[in-house]
Amino acid sequence: MASYFDELHVEEDEMPTVRLERLTRETFRMLFDHDPARYGDIINFQNTPPASKSEIEKLKTPSFEELIDEQCRICLSQYQVNDKALNMPCKHIFHENCLKTWLEKSNFCPLCKFELKTDNEMYELYKQELKNRQSREDNIAQLHDSMFS
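Everything in the sequence shown is counted per full-length UniProt numbering, starting at 1 for the first residue and increasing by one.
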C-alpha cells in the first residue's frame with residue numbers, strides 16, 4: 001500500500017508548502033474570480049459610495065398626515081408639526097437632516113437597503129454587472145427547466 005505522501009506525489013517535507021500554495025491559490029481564485037452566489041457580495045453596506053446629489057434633490061416631502069404618530073427611524077424622535085421630512089422612493093420617511101446626513105455616507109435606505117444611484121461610475125458598473133450576471137443565470141435556469149421538465 002502506498003503512503004499518504006506517495007499518493008499525493010510529494011515528499012514529506014514538502015507537505016506544508018503544498019498546503020500553503022493550495023490555500024494561496026484558492027484565496028486568489030476567490031478574490032479574482034468573484035462569484036457573489038458562492039462567496040457573498042464583496043461590497044458590503046459599510047463601503048458603499050454616497051447617494052448622488054441629484055437623487056437626493058429628487059426626494060419628495062411627505063404630507064403631515066403621513067407623519068402623525070410616526071417617528072424618524074434614524075434619530076428615533078417623534079415628528080413635530082414644523083419638522084421637515086423626506087420620503088425615500090421605497091416609501092420610508094425620515095427627518096430631512098437625518099436622511100441627508102445618512103445619504104452623504106451611503107446610498108441606501110437605512111431600513112430596507114433600497115439603493116439610490118451614486119456618482120461613482122465603478123460602483124454603478126459593478127451593480128450593473130451583478131444584475132447582468134443574475135439575469136444570465138436566471139435565463140440558463142429557465143432554459144434548463146424547459147429542456148428537462
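Positions of the beta carbon are idealized from the N, C-alpha and C atoms, including for glycine.
*Report buried or exposed for HIS95, applying the criterion of at least 16 other Cβ atoms within 10 angstroms of its Cβ.*
Buried: at least 16 other Cβ atoms inside 10 Å.
*Candidates GLU129, MET88 and LEU130: closest to LYS113 by CA position*: The residue among GLU129, MET88 and LEU130 with its C-alpha nearest the C-alpha of LYS113 is MET88.
*Rounded straight-line distance, which links the Cα of LYS58 to that of ARG25*: Approximately 47 Å, taken between the alpha carbons.
_the segment 46 to 65 contacting the segment 74 to 87, beta-carbon criterion three pairs below 8 Å_ = Taking a contact to require three or more Cβ pairs closer than 8 Å, the segment 46 to 65 and the segment 74 to 87 qualify as touching.
*If you draw a straight line from the C-alpha of LEU76 to the C-alpha of LEU103, how long is it?*
Spanning the two alpha carbons is a distance of roughly 17 Å.
*asked:* Counting only C-beta atoms, is LEU116 closer than 7 Å to chain D at any point?
replied: Looking at the structure shown, chain D is missing, and only one protein chain is on hand.
*Which first and last residues belong to the alpha helix (DSSP H) in which LEU143 is found?*
First-last of the alpha helix (DSSP H) with LEU143: 121 to 148.
*Under the three-state reduction of DSSP, which class applies to GLU70: helix, strand or coil?*
If DSSP states are grouped into helix, strand and coil, GLU70 belongs with coil.
_Let me check understanding here. Comparing Cα to Cα, which of GLU129, LEU99 and ASN139 lies closest to ALA51?_
Considering only GLU129, LEU99 and ASN139, the residue with the shortest C-alpha distance to ALA51 is LEU99.
*Looking only at its own chain, which residues have a Cβ that is under 6 Å from the Cβ of HIS144, when we skip the five neighbours before and after it?*
Excluding positions up to five away in sequence, the list is empty.
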